[in-house]
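Encoded as structure tokens, the structure appears first; notes follow it.
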Amino acid sequence: MSLTETETVFASIHEDALNDVLTAFCTHRPRYLVYGSPAFVPVTTIAETTMSAINFPGVPGGIQWRIRLSIPHIDLSKQTSQLPPELTLGPGQFSAQVDAELCIDCRRIRIDPEAPPPKDRPQVGHDNPKNPDRHSLGEPTCFKLSVFAIGHIERVVATTGEDAIAFAVDAVEIVDIKPDELESFLECLMFMILQAVLAGIRLPLPALRAGAFQMSLVVGPMIEDDQVKARGNV
Amino acid sequence: MQNTLDSRALHRADYYGQRFMKAGNFSYDVVPAGGVAISSDRPFSVKVREGKAKGEMNQHNVVVTWHDGKFRAAPAALTVDTGDMVMWNCNQRDAMTLAVIGDQEFFNSSRLKNESGYSHAFGLPGEYRWVDAHGSKTSGMVTVKDPGCKNEAQLKRWRKTLEEGILVMINDGKVEPSSVEIDVGQTVFFLVVNGPGISITDARVVEYSRGDTGKAEGDRSSAKASAR
Amino acid sequence: MAEITAALDETGANKLLDTAIGILPPQSKSGSGSLGPFVASYGVTASLTNGDIDLIPPDIIRIVDLRLDWSLSLSFGFDLSSILPDFCLPRVCVNIPCVGKVCTPKICIDWPTITIPVSFSDFVKATGDFKLDIRLVGNVWKVQALIVGLPNLPFGATTALLLVAIGAAATPILLAIPFIGPFLAIAVNAILLVIGIAGVTGFLGPILTPFISGLKIPIYEQPKLFPVLPSEGPVDPQVDITIDLVTAMVAHNGAEDELVLTADVSP
């Protein structure tokens, strides 16, 4: 069978190269793997992305948090990397393995003996009366997870306007967290986070063929034989 | 190669001829055409001795050459009899056009006056209306045809016609014949029996000059005469 | 297993080369060359149009009927006396009535030096094998197709047509020369005979062959430090990967011959 089959152009990227591209992306733009509220990430930089704190009544400034992800490692079917038994890599799918560190700023709140102010007046935290939105970190409490996911690739448009691929997560598995409901909770949390993070990493198709030839896409992109393949016409 | 019909400026395919009817020593020079008025040197001569009975004529040829920016005549000193014709020609590729100028009014290739002639071999086809550049009404027409030779036989026939010269006689303004028809390569002899001193010049040359100056040469000289 | 693979079948390769050759700008050059016994100065402009592609493993792209359109201005000068004998006006005599015979001696006239300018346009088709050449030039990966050997350009009818054009260009030049009219056809033929078909071929060959023999068809060109994504703001810098190695070949896959490029990359 020819590479191009009934089309005139063929392009493929092996999972090794795909991981190299993903590594390059995450190395140049690490902020896509680090998200935190102002106490952890005061402002968005190349290294990290600032997010809002989780508002909670009585918690001045909200609950401060941070998540840090490792560079995802992708395995294209056929399966090469190990997966927990709950996940099966089917044809046309990828699996991903990523380490996640979740942190929360654990602080003691002093109970204010005064009557609470009316709801329309902004609350002022006692631990920083001058700037209610800036809190120095108290005691970050963190834990690490190893997360496995399976998914499929979707054809999208990159910020450059070119055809691109993004990784769409279909399922997530975290191994051996007790109780099971906590495992399900965290799996759901990581499922949503990973979907969002990976959807933001859009890899242009011309880059995935190192700029070789022109292609008007007809077939794919699809996962096959440890590669992402595409066919089209000049 | 120049082939303009202009007796004031002789070139390779032209001859100036002058009959000397009286005995004497006639000095002259050969100068670049246009230098007639400037020249005062007379390095060459024609010595005319009383000769044969009237009407008999011998022809003498003077070969003109061009060296180091000067014309030379050979023989430099020529002895002829009265009534003889002397013919001048320079057949040199790199020579300028020339004029022959003597001290006597009749002895001037630029102004053909008495018993003088100008022969011209026509190299290009066309209609040549000729006029007197000095302003008289003397004029005529020479029609030159391309023989259209397509083969050796026609070329041979054409070469034969080149041996036939055509004579045009000009006497006090009367031109006979006023119009001739020839093939490319043939020679027309213009013989001036008597006249005020004319040139045989392609009318287009005169019209071109007139376009620059607004006046013909003859007009200018007659204007000067009336001023005097 | 190559990390990145891109392939074109013959149809795709045809289109690639249509574009690659089509965007090559017209080439011009000038100089002088031998046109038979004459030295002619010339200026020539040429442009190429792709022919039909045949991919031949392991690394040959054969272009059948690659077309070279060319437009030539040439000028050559020579002493006409070198090819035509001098012309002599015979002795001409006239009879002057009552006076006698006057004759001009024979005058022999040599011909002048003339310059003939010629403009001519035509095309030639040639088939050439081009080999894939891969190199890293100043941190840029280049894959080009370079011709193998010198093509033999089949001028054929062109040479005869150019001779006709030379004859046509010579005619008005010659017609302006006095006394040549009856010899015009002989003069033109003499010029063309002296040049001949061999002279035209010998003139055109060295001029036009380099347009093809010097042809470098670009197949692929990318910087070694390859940009995956451009900078999208102060917090989203450019993302690059390094292309460590490029290979190019013609492979027979299944029932098709395909032009295959591969690249190994690193972050």
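Protein chains in written order, with the numbering used here: chain A, 1 to 234; chain B, 235 to 462; chain C, 463 to 729.
Virtual Cβ for every residue (Gly too), placed ideally from N, Cα, C.
Keep in mind that this is a model prediction, so the values were computed, not measured.
Chain B partners of G667/C, CB-CB under 8 Å? Going along chain B, no residue has its Cβ under 8 Å from G667/C, so there is no contact; the nearest lies around 35 Å.
Over what stretch of residues does the beta strand (DSSP E) that includes W392/B continue unbroken? Element bounds for W392/B: not the beta strand (DSSP E) but the alpha helix (DSSP H), 386-395.
Three-state secondary structure (DSSP) of S37/A: coil
Report back the beta-carbon spacing between D105/A and Q64/A to the nearest angstrom; my notes put them in contact at under 8 Å. 4 Å
Can you tell me whether DSSP reads F191/A as helix, strand or coil? helix
Using a Cβ-Cβ cut-off of 6 Å (strictly less than) and excluding sequence neighbours within five positions of L654/C, which residues of its own chain qualify? L625, G629
Taking 9 Å as the threshold (beta carbon to beta carbon), is R327/B in contact with chain C? yes
Given S537/C, which residues of its chain have a CB within under 8 Å of its CB, disregarding the five upstream and five downstream residues? A502, S503, Y504, T577, I578, P579, V580
Rounding to the nearest angstrom, what Cα-Cα distance links L358/B and Q236/B in this structure? 11 Å
Indicate the three-state DSSP secondary structure (helix, strand or coil) for L654/C in the structure shown. helix
Measure the C-alpha to C-alpha separation of C324/B and G498/C and round it to an integer number of angstroms. 35 Å
Once you ignore the five residues that flank G431/B on each side, which residues in its own chain have a CB closer than 6 Å to its CB? R345, K347
Mind checking which residues open and close the alpha helix (DSSP H) that includes N233/A? Here N233/A belongs to no alpha helix (DSSP H); instead the beta strand (DSSP E) covers 227-233.
For Q700/C, does the count of other Cβ atoms within 10 angstroms reach 16, so buried, or fall short, so exposed? exposed
Within the 9 Å Cβ cut-off, does Q467/C reach chain A? It should be pointed out that residue 467/C corresponds to Thr in this sequence rather than to Gln. With 9 Å as the cut-off, T467/C counts as an interface residue toward chain A.
Counting only Cβ-Cβ distances shorter than 7 Å, please list the residues of the region 249-262 of chain B near chain C, keeping chain order. Y249, G251
Just verifying my parser: in three-state terms, what is the DSSP assignment at S274/B? coil
Ordered along the chain, which non-local residues of its own chain (more than five positions away) have a Cβ less than 6 Å from that of V605/C? I596, I681, Y682, A710
With which residues is P680/C paired in a DSSP beta bridge? Q606/C
Verify the CB distance criterion: does T507/C have a CB-CB separation below 9 Å to chain B? no
Quick one: Cα of V280/B to Cα of Q252/B, how far? 11 Å
I need the boundaries of the alpha helix (DSSP H) containing L76/A, first residue and last residue. Counting along the chain, L76/A falls outside any alpha helix (DSSP H), though it belongs to the beta strand (DSSP E) covering 73-76.
Best match in S12/A, V41/A, T27/A for proximity to S52/A [C-alpha to C-alpha]: V41/A
Where N295/B falls: helix, strand or coil (DSSP): strand
Residue closest to R66/A, alpha-carbon to alpha-carbon, out of K78/A, P85/A, Y32/A, Q93/A: Y32/A
Does any residue of chain C bring its CB to less than 9 Å from the CB of L239/B? no
Taking just the CA atoms, how far does V334/B sit from F341/B? 8 Å
The alpha helix (DSSP H) enclosing K477/C, as first and last residue numbers: 472-484
Can you tell which of I705/C, I642/C, P487/C has its C-alpha closest to the C-alpha of P574/C? I642/C
Can a CB atom of chain C be found closer than 9 Å to the CB of A307/B? no
With burial defined as no fewer than 16 other Cβ atoms inside 10 Å of the residue's Cβ, what is the status of L486/C: buried or exposed? exposed
What do you get for C26/A, buried or exposed, if any count of 16 or more other CB atoms within 10 angstroms of its CB means buried? buried
To the nearest angstrom, how far is it from the Cα of L478/C to the Cα of L182/A? 57 Å
Would you verify that the beta carbon of V172/A is, or is not, closer than 9 Å to some beta carbon of chain C? no
Please return the same chain residues whose Cβ sits closer than 6 Å to the Cβ of S350/B, not counting the five positions on each side in sequence. Q252, V426
When burial is assigned at 16 or more other CB atoms within 10 Å of the CB, is I272/B buried or exposed? exposed
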